[in-house]
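Note sheet for the following structure.
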Amino acid sequence: MKHLKLAAIDNTARTVVRVGDATLGKGFCVIAGPCSVESEAQMLETAAAVKSAGADMLRGGAFKPRSSPYSFQGLGMEGLKILARARQETGLPVVTEVIDPRDVSWVAEFADVLQIGTRNMQNFALLKEVGKAGRPVLLKRGMYSTLEEWLNCAEYVLSEGNPDVVLCERGIRTFERYTRNTLDLSAVPAIRELTHLPIIVDPTHSTGRVPLIAPMSLAALAAGADGIMVEVHSRPKEALCDADQALTPAQFAKIMDRLRPLQRFLAEGPETTETG
Ligand code: PEP
Ligand code: MN
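In the working numbering, the protein residues as written are 1449 to 1724.
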């Protein structure tokens, strides 16, 4: 990948992105929250639940890039203010998507991390703008994109002077229809071979199915990912967006209870039991 001047792995250390108390690129960062911010009550309730289950960062979309123009598009500015409240109440940093280059500078005033969604991965004007925004960027893989195309998009952000880029594998389009997308878990070790940038996995949008989220979260950790991002809703059945794939707070807490011991096991190896 000869065009990668800044993203390519070299002999310097791996990039570690610090956001408040959360770290991406060291340990295992869990980002959780609803697909979209719908109301203050929904966001604050969900935020408190994921915080108490041990999440490291909050997510929630205020601008939703919907496939249909008639679907809920997000609360916009009001959603950003609610996210700021949720951050204040939980102490957790907030990641939210930005979809329009004209919004970047003011969204950056509310968000701790700017998310670029799959549909905008190659929106070069947007990439250049977030490259100048002074906030870490979570760059989701385009659903039709190769690893090389994805890394070139990271390069766009880096080349504007922003070193804090985190990649997010969120599934790619294949012929399979049972799952919403096909999670390319092999992208995790492949990306780690190609770049020093952190990579996390989104088991929610890649599978679109609640029962698959726990196994794919554990698999992401075992594959060497630096974290996951999952959708959690205080009342999934009422969600205005992606209702079928949202975890309840209880389901999320159960996943956390399985992730943390696996994380310790992978870091330290099996517990040694003393013998006679
Ligand atoms: C999201 O994370 O809210 C989202 C819209 O994901 P994607 O861009 O991967 O579809
Ligand atoms: Mn979603």
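Yeah, the Cβ is synthetic: ideal placement off N, Cα and C, and Gly gets one too.
In the DSSP assignment, the alpha helix (DSSP H) including residue i goes from what residue to what residue?
i	result
C1601	L1595 to S1607
E1488	E1488 to A1501
E1641	A1635 to L1642
R1706	P1697 to E1716
S1665	V1658 to A1670
Using the rule of at least 16 other Cβ atoms within 10 Å of the residue's Cβ for burial, across every protein chain shown, is residue i buried or exposed?
i	result
S1500	exposed
R1550	exposed
Y1604	buried
E1486	buried
L1531	buried
F1572	exposed
A1602	buried
P1517	exposed
K1588	buried
H1653	buried
For the beta strand (DSSP E) containing residue i, name the first residue and the last one.
i	result
I1647	I1647 to V1649
Q1563	V1561 to I1564
L1472	A1470 to L1472
K1588	V1585 to K1588
V1467	V1465 to V1467
Who are residue i's beta bridge partners in DSSP?
i	result
M1677	I1479
C1616	K1588 and I1648
T1630	I1620
A1456	T1643
S1484	G1509
Next on the checklist: Under 8 angstroms: do the region 1548-1555 and the region 1450-1460 share three or more Cβ pairs, one atom per stretch?
Outcome noted: No, the region 1548-1555 is not in contact with the region 1450-1460.
Item to check | At least 3 beta-carbon pairs within less than 8 angstroms: the region 1623-1640 vs the region 1576-1583 | outcome: Touching, no, given that fewer than three Cβ pairs across the two stretches are closer than 8 angstroms.
Next on the checklist: To test your reading of the DSSP string, which unbroken alpha helix (DSSP H) runs of 4 or more residues are found completely within the region 1493-1555?
Outcome noted: Contiguous alpha helix (DSSP H) elements confined to the region 1493-1555 occur at 1525-1538, taking only those with 4 or more residues.
Next on the checklist: Counting beta carbon pairs with one atom in the region 1538-1545 and one in the region 1709-1716, are three or more of them shorter than 8 angstroms?
Outcome noted: Judged by Cβ distances under 8 angstroms, the region 1709-1716 makes no contact with the region 1538-1545, as fewer than three pairs qualify.
Next on the checklist: Taking contact to mean 3 or more Cβ pairs, one atom from each stretch, closer than 8 angstroms, check whether the region 1473-1482 and the region 1661-1677 are in contact.
Outcome noted: Contact holds: three or more Cβ-Cβ distances are below 8 angstroms.
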